[in-house]
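**Student:**
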Amino acid sequence: MRKIYQIYIEYVFLLNFVFLYCILSVSAVMLSCSVTWRRQVLASLAGAALCCMCLFLPFRLWYRLLIGELVTFVTSPYAFSSERSGKKWRQKCYSAVLVTMVLIGGSVALIQKFLLKTTFSAIKLAGITILLSLVIKHILQHYLLLKKTLIYPVILIEGDTQYHMKALLDTGNSLIEPISKKPVCIVGQNVFEQETVKEGERKKFQP
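Take any residue in the sequence shown, count from 1 to its spot, add 131: that is its number in the working numbering.
1. How about Cys182 and Val157: are their beta carbons less than 8 Å apart?
2. Tell me which residue opens and which closes the alpha helix (DSSP H) that Gln222 is part of.
3. Between Ile154 and Val228, is the Cβ-Cβ spacing less than 8 Å?
4. Which same chain residues, not among the five before or five after Leu173, have their C-beta less than 8 Å away from its C-beta?
5. Three-state secondary structure (DSSP) at Pro189?
6. Out of Leu275, Arg191, Val233, Phe187, which one is the CA nearest neighbour of Phe204?
7. Buried or exposed: where does Ser163 fall if 16 or more other Cβ atoms within 10 Å of its Cβ makes it buried?
8. What is the DSSP secondary structure of Thr167, counted as helix, strand or coil?
9. Between Ala179 and Leu151, how many whole angstroms is the CB-CB distance? I'm expecting something under 8 Å.
Here is the structure:
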């Protein structure tokens, strides 16, 4: 029995390490921030170790696994760059990690249960997790690259003052300048290179 329990702990550690590393990798793309592989490895090792330590708590197995995953979720966003700080940035990190966990974990569970209908070893599950994370990461990178192509450098003129900024061009029919019939941009506080408008105020202008 002792040998079986030891192998089980090793499998849990391996799966959690791979799962966390993939989550941090995809979340970094989602947040458009840089994370070094050393920080990812250290955070994944720490999260996997904490999850395994939770298995020794005096609760039922499912409760111990749930506590371990919650601890992993709470600590994983600290792997991201410390250059940005604040409550808003931390909330974005938690949101990205949560979405990625559900996306990768749900995809692995669906593949195992409905498509292949078989039980995998820990190594095979780790391989499927890595493959899925690479696919999701590639799709996200392609989407963000496409999104960047829709952002244009523009100049907003107010009297004698000119403001250089970046704005997203809306290609829908809801934002059309009535005279020239050209699409317009919506500029908010977050796209200004310098603060020129009040919080929440938006300006509409023709690019």
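Think of the CB as a built atom: it goes at the ideal place given N, C-alpha and C, for glycine as much as any other residue.
**Tutor:** Taking the coordinates as given:
1. For the purposes of this step, residue 182 is identified with residue 51 of the sequence shown, where counting begins at 1. For the purposes of this step, residue 157 is identified with residue 26 of the sequence shown, where counting begins at 1. In this structure, Val157 does not lie closer than 8 Å to Cys182 by Cβ.
2. Counting from one through the sequence shown, the residue named residue 222 turns up at place 91. Run containing Gln222: 218-241, per the alpha helix (DSSP H) assignment.
3. Position 23 of the sequence shown holds residue 154. Position 97 of the sequence shown holds residue 228. Going by C-beta atoms, Ile154 is nearer than 8 Å to Val228.
4. Translated into the one-based positions of the sequence shown, residue 173 becomes position 42. If we look at Leu173 and ignore the five residues flanking it on each side, its Cβ neighbours are Ala210.
5. Numbered from 1 along the sequence shown, position 58 holds the residue referred to as residue 189. Pro189 falls in the coil class under three-state DSSP.
6. On the sequence shown, residue 204 is found 73 positions in, with the first residue counted as 1. Per the Cα distances, Val233.
7. If you number the sequence shown from 1, residue 163 lands on position 32. Burial call: exposed.
8. Taking the first residue of the sequence shown as position 1, residue 167 is located at position 36. Coil, per DSSP.
9. Here the question's residue 179 lines up with position 48 in the sequence shown. Here the question's residue 151 lines up with position 20 in the sequence shown. Rounded, the Cβ-Cβ distance is 6 Å, consistent with contact.
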